[in-house]
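Number of protein chains: 2
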Amino acid sequence: MAAASGLSRGTVSRVINGERYVSAEARDSVMSAIAEVGYVPNTAARNLKTKRSHAIGLIVHEPHSLFLEDPNIGAILLGTNSVLSAADYQLVSLIVDSERDSDRVAEYLRGGFVDGVIIISARENDPIGRAVVAMGIPAAFVGHPPDIDGIAYVGIDNVQAAEAITTRLLHTGRRRVGMIASALDRDSGRDRVAGFRAALGDAFDPALVVDYPLYSYDSGVEGMRRLLDRAPDIDGVFAASDAIAAGAMDVLRAAGRSIPKDVGIVGFDDSAWALRCQPPLSTVRQPAGDLGRMAAQRVLDQLDGRESATGGTFLETVIAWRESA
Amino acid sequence: MAAASGLSRGTVSRVINGERYVSAEARDSVMSAIAEVGYVPNTAARNLKTKRSHAIGLIVHEPHSLFLEDPNIGAILLGTNSVLSAADYQLVSLIVDSERDSDRVAEYLRGGFVDGVIIISARENDPIGRAVVAMGIPAAFVGHPPDIDGIAYVGIDNVQAAEAITTRLLHTGRRRVGMIASALDRDSGRDRVAGFRAALGDAFDPALVVDYPLYSYDSGVEGMRRLLDRAPDIDGVFAASDAIAAGAMDVLRAAGRSIPKDVGIVGFDDSAWALRCQPPLSTVRQPAGDLGRMAAQRVLDQLDGRESATGGTFLETVIAWRESA
DNA sequence: AGACTTTCTGGGAACGTTCACACAATAAGC
DNA sequence: GCTTATTGTGTGAACGTTCCCAGAAAGTCT
């Protein structure tokens, strides 16, 4: 490249990186040489020298089924991508769905392939989460893993949101209200139960809370069956996700209950499920795209040294009130 | 590292890459030195020297909405990841959702960040597809872009599958059968129409085929309205995707038609939608995970020089016959 | 006019590997 | 006991950048 432009490597490098102290003519001749030869800087060499890769890893640690079902993940991905792309960083998605993957990803991170990391849906005892924190790589979590402290994270106030929607459900006159909870190994899952409990106060009945590991349709089916079994007179349900709510609604319908007349039901996420339920589902709108954008921004800020690596950022949720309750 | 083990760089390199001509004791002392120092080979340096990155790019070129909705994409992603992970390659997902992304991704590819590329859902005039072919990077397409030849691709036989399911729909006694088509800028979309036409033979009526750009629920809603408008006596529908079928079914229900009594409907994909429709949807099972795995394998084969870069691989589809027709 | 500052350019060194080669030691073949 | 393989080890060069320093040229201040 230096040869093609007739100038030295140093000057070429300055032009490419837009540094000061380059004359207009030098810049021009380098530019035209670049265009002519179709020159592209070699990333490996640059990374080697600068110890930067200009790539950010997004670690998705989910079992197969959920990865395909959870609409939040896709939205977070796109949000993250938009911010990083604007800052000329490349998003590298790292999927972890086995122990083997877990090791390989850790290795990958140690290898300096990425400058920063975004971790979504970390749960208790997450080895990668711990590894990242231990390595001191700039990182942001989407959702706060219960057992790791001193990290940067973004999320929503699950307690407040769950309490709010449960309260509104109660205001529709429900007396026997249950909850199908999920993912109690994460803050999101636990906090939704806490909010539910807070809203019910003295009326809270632990027997009317069932829980399942996954935020899935099938969990909703199972959970609703259990609840109907325990309390045939149930007239309100808070489902910890829209997918769960969809499963629960199908069971209620099959059991001859009319929604919302006999049983009112509310969900969480405001995903594609919510609008397509019959009737449309009342739910909490979770700003998944914004969470992704914010997480990306926090990692970029750490890279620029503009921000410390700890503390949470909370985004607002809104209740979408529809016909299901 | 060489210092820590007391041996030369060359020997250390041989141990790490598992080459021949290393004595047992040398191997041992290098290994224990690695463990002690927590040594990790520097990827950038290795890439620089070997001109290999051990990463494969997966280019997803979809508008926002579809990326979130299309279950095939997630399944392809996971399938690809499993094969590459087993071969110690890292999957790097590159999301293209703007012109800007398109340029950046092309740059990224040129920069030698990946050794090979998998492109899903390429359409006509796809700039990245063309760029990849022009650069001669080992690549495999999932689905065959209509206007690029001489490439490796994997897919299903859309013509045959569409013909088969339409024929079975006809065997349920339907007389006036329409189709909601989609994505006519891709082979998949065109071929499904061709199969539909072939199954109908003389009974084919162009007025009963409507088409929309996206394989989405909304396309199904729109399309079904149009079809009902044009032919109130319609009694069979072939939807080009399950999401379209779901939209169409909701419209049919709202219009007072019973499924499958008044109208029979079939879809395509066998995605999560199919089982949760009311009634469950008859559809074509598309082996999305296998497509991902196969595409990954074909890229790896090209990297090993075991395979030429052209030709298609077709995977079998199966009809899942349920209650909707 | 001399001393200092600013702008610009070139070239050596380094980043951490792998590769090709040279060479030593041992084993095998006649 | 000579040549010829086989196995093992060390070393210089190279990959393509960026960074640092030296120094030239031009401008600015006493």
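If you read the protein sequences in the order shown, they are chains A and B. Under my numbering, the first residue of the first sequence is numbered 1, with each subsequent residue one higher. Under my numbering, the first residue of the second sequence is numbered 1001, with each subsequent residue one higher. Built from N, CA and C at the ideal position, the CB exists for glycine as well. None of the values given here were measured: they were computed from a predicted structure.
- Item | Interface residues of chain A facing B/Val1040 [CB-CB closer than 9 Å] | Position 40 of the second sequence, counted from the start, is the residue given in the question as residue 1040 of chain B. Within chain A, the residues near B/Val1040 are Glu107, Arg110, Gly111 and Gly112.
- Query: From the DSSP output, which residues share a beta bridge with B/Arg1285?
  - Reply: Here residue 1285 of chain B corresponds to residue number 285 of the second sequence, with the count starting at 1. Paired residue(s): B/Asp1269 and B/Val1318.
- Task: Check the C-beta distance from A/Ile118 over to A/Val142 and give it rounded, since I have them as a contact under 8 Å.
- Result: Residue 118 of chain A sits at position 118 when you count from the first residue of the first sequence. Residue 142 of chain A sits at position 142 when you count from the first residue of the first sequence. About 7 Å separates the two Cβ atoms, so the contact holds.
- Query: Taking Cβ positions, are A/Ile259 and A/Ser324 nearer each other than 9 Å?
  - Reply: Taking the first sequence and counting its residues from 1, one reaches residue 259 of chain A at position 259. Taking the first sequence and counting its residues from 1, one reaches residue 324 of chain A at position 324. Yes, Cβ-Cβ distance for A/Ile259 and A/Ser324 is below 9 Å.
- Message: On the criterion of 16 or more Cβ atoms from any shown chain inside 10 Å, does A/His54 qualify as buried, or is it exposed?
- Response: Position 54 of the first sequence, counted from the first residue, corresponds to residue 54 of chain A. A/His54 should be labelled buried.
- Task: Assuming A/Arg58 and A/Leu7 form a contact by the criterion Cβ under 8 Å, report the distance between their Cβ atoms to the nearest whole angstrom.
- Result: In the first sequence, residue 58 of chain A corresponds to position 58, counting from 1. In the first sequence, residue 7 of chain A corresponds to position 7, counting from 1. Note on residue identity: the sequence assigns Leu, not Arg, to residue 58 of chain A. About 39 Å; that fails the 8 Å criterion.
- Beta-carbon gap between B/Leu1300 and B/Ala1087 smaller than 9 Å: Against the second sequence, residue 1300 of chain B aligns to sequence position 300. Against the second sequence, residue 1087 of chain B aligns to sequence position 87. Their beta carbons are under 9 Å apart, which means B/Leu1300 touches B/Ala1087 by this criterion.
- Message: Among the candidates A/Asn72, A/Arg52 and A/Ile156, whose CA atom is the shortest distance from the CA of A/Gly195?
- Response: Translated into the one-based positions of the first sequence, residue 195 of chain A becomes position 195. With distances taken between Cα atoms, A/Gly195 lies closest to A/Ile156.
- So, helix, strand or coil for B/Asp1157, using DSSP? Here residue 1157 of chain B is taken as the residue at index 157 of the second sequence, counted from 1. Of the three classes helix, strand and coil, the one that applies to B/Asp1157 here is coil, per DSSP.
- Listing by chain order, which chain A residues have their CB less than 8 Å from the CB of B/Ser1182? Your numbering for residue 1182 of chain B matches position 182 in the second sequence. Simply none; closest approach about 17 Å.
- Query: Tell me which same chain residues have a C-beta within less than 6 Å of the C-beta of A/Val159, skipping the five on either side of it?
  - Reply: As a working note, residue 159 of chain A is residue 159 in the first sequence. Once the five neighbours on either side are set aside, the close Cβ partners of A/Val159 are Asp191, Ala194 and Gly195.
- Task: Using a Cβ cut-off of 9 Å (strictly closer), state whether B/Asn1125 contacts chain A.
- Result: For this step, residue 1125 of chain B is matched to residue 125 along the second sequence. It does not; no Cβ of chain A falls within 9 Å.
- Message: Please classify B/Gly1018 as buried or exposed, where buried requires at least 16 other C-beta atoms within 10 Å of its C-beta.
- Response: Counting from 1 along the second sequence, the entry for residue 1018 of chain B is found at position 18. Per the 10 Å Cβ criterion, exposed.
- Item | Rounded straight-line distance, which links the Cα of B/Pro1279 to that of B/Trp1273 | Here residue 1273 of chain B refers to the residue found at position 273 of the second sequence. Here residue 1279 of chain B refers to the residue found at position 279 of the second sequence. When rounded, the distance between both Cα atoms is 11 Å.
- Take A/Leu78 as the anchor and find which of A/Arg306, A/Thr317, A/Val22 and A/Ala288 has the nearest alpha-carbon. Sequence index remark: in the first sequence, residue 78 of chain A carries index 78 (1-based). Answer by Cα proximity: A/Ala288.
- Task: Examine chain B for any beta-carbon lying closer than 9 Å to the beta-carbon of A/Ile244, and answer yes or no.
- Result: Here residue 244 of chain A refers to the residue found at position 244 of the first sequence. Cβ-Cβ to chain B under 9 Å: no for A/Ile244.
- Beta-carbon spacing of B/Ala1134, B/Thr1310 below 9 Å: Position 134 of the second sequence, counted from the first residue, corresponds to residue 1134 of chain B. Position 310 of the second sequence, counted from the first residue, corresponds to residue 1310 of chain B. Not in contact: B/Ala1134 and B/Thr1310 (Cβ atoms no closer than 9 Å).
- Report yes if the CB atom of A/Ile265 is closer than 9 Å to the CB atom of A/Ala161, and no otherwise. For this step, residue 265 of chain A is matched to residue 265 along the first sequence. For this step, residue 161 of chain A is matched to residue 161 along the first sequence. Their beta carbons are not under 9 Å apart, which means A/Ile265 does not touch A/Ala161 by this criterion.
- Per the contact definition of three or more C-beta pairs closer than 8 Å, is the region 222–240 of chain A in contact with the region 197–210 of chain A? yes
- Message: I'd like the ranges of any alpha helix (DSSP H) spanning at least 4 consecutive residues and lying wholly in the region 1069–1142 of chain B.
- Response: 1071–1086, 1099–1110 and 1127–1135
- Task: May I ask you to list, following chain order, the residues of the region 214–226 of chain A that have a beta carbon less than 8 Å from some beta carbon of chain B?
- Result: Tyr217
- Message: Just to confirm the assignment, what range does the beta strand (DSSP E) spanning B/Val1012 have?
- Response: As a working mapping, residue 1012 of chain B is identified with position 12 in the second sequence. Element bounds for B/Val1012: not the beta strand (DSSP E) but the alpha helix (DSSP H), Arg1009 to Ile1016.
- Query: Who are the neighbours of A/Asp290 on chain B, taking C-beta pairs under 7 Å?
  - Reply: Sequence index remark: in the first sequence, residue 290 of chain A carries index 290 (1-based). What A/Asp290 touches in chain B: nothing, since even the nearest Cβ is about 14 Å away.
- Task: With DSSP as the reference, please indicate the residues paired to A/Asp211 in a beta bridge.
- Result: Looking up residue 211 of chain A in the first sequence gives position 211. A/Ala181.
- With 7 Å as the C-beta to C-beta threshold (strictly closer), list the residues of the region 288–312 of chain A near chain B in chain order. none
- Message: Between A/Val132 and chain B, is the shortest Cβ-Cβ distance under 9 Å, so that the two count as touching?
- Response: To locate residue 132 of chain A, count along the first sequence from 1; it is residue 132. No, because no Cβ of chain B sits closer than 9 Å to the Cβ of A/Val132.
- Which of helix, strand or coil does DSSP assign to B/Gly1057? As a first step, residue 1057 of chain B is located in the second sequence; it is residue number 57 there, counting from the start. In this structure, B/Gly1057 counts as strand in the three-state DSSP scheme.
- Roughly how many whole angstroms lie between the Cα atoms of A/Met179 and A/Ala239? Residue mapping note: residue 179 of chain A aligns to position 179 of the first sequence, counting from 1. Residue mapping note: residue 239 of chain A aligns to position 239 of the first sequence, counting from 1. Distance between the alpha carbons of A/Met179 and A/Ala239 is about 6 Å.
- Item | Outcome for B/Asn1125 when other beta-carbon atoms lying within 10 angstroms are tallied against a minimum of 16 | Taking the first residue of the second sequence as 1, we reach residue 1125 of chain B at position 125. Exposed is the call here.
- Message: If you follow the beta strand (DSSP E) that A/Ala239 is in, where does it begin and where does it stop?
- Response: Within the first sequence, the letter at position 239 stands for residue 239 of chain A. Residues Gly236 to Ala239.
- Query: Which residues in the same chain as B/Gly1236 place their Cβ atom closer than 6 Å to its Cβ, once the five residues preceding and following it in sequence are excluded?
  - Reply: The count along the second sequence starts at 1 and reaches residue 1236 of chain B at position 236. Excluding sequence neighbours, B/Gly1236 sits near Leu1169, Arg1174, Val1177 and Gly1264.
- Kindly indicate which three-state DSSP category A/Thr313 falls into: helix, strand or coil? Taking the first residue of the first sequence as position 1, residue 313 of chain A is located at position 313. The answer is strand: DSSP assigns A/Thr313 an E or B state.
- Query: Assuming B/Val1040 and B/Ala1004 make a contact with CB atoms under 8 Å, what is their CB distance in whole Å?
  - Reply: Translated into positions along the second sequence, residue 1040 of chain B becomes position 40. Translated into positions along the second sequence, residue 1004 of chain B becomes position 4. Going by Cβ atoms, the distance from B/Val1040 to B/Ala1004 rounds to 13 Å, so no, they are not a contact pair.
- Task: Please list, in chain order, all residues of the same chain as B/Pro1138 whose beta carbon is under 6 Å from its beta carbon, the five residues on each side excluded.
- Result: Taking the second sequence and counting its residues from 1, the one referred to as residue 1138 of chain B is at position 138. Only Gly1116, Val1299, Gln1302 and Leu1303 meet the Cβ criterion.
- Query: In chain B, which residues lie with their C-beta within 7 Å of the C-beta of A/Val92?
  - Reply: Locating residue 92 of chain A in the first sequence gives position 92, where the first residue counts as 1. Per Cβ cutoff of 7 Å: Val1092.
- Query: What does A/Arg20 touch in chain B if you count any residue whose Cβ is under 8 Å from its own?
  - Reply: The count along the first sequence starts at 1 and reaches residue 20 of chain A at position 20. Chain B residues near A/Arg20: none, gap ~24 Å exceeds 8 Å.
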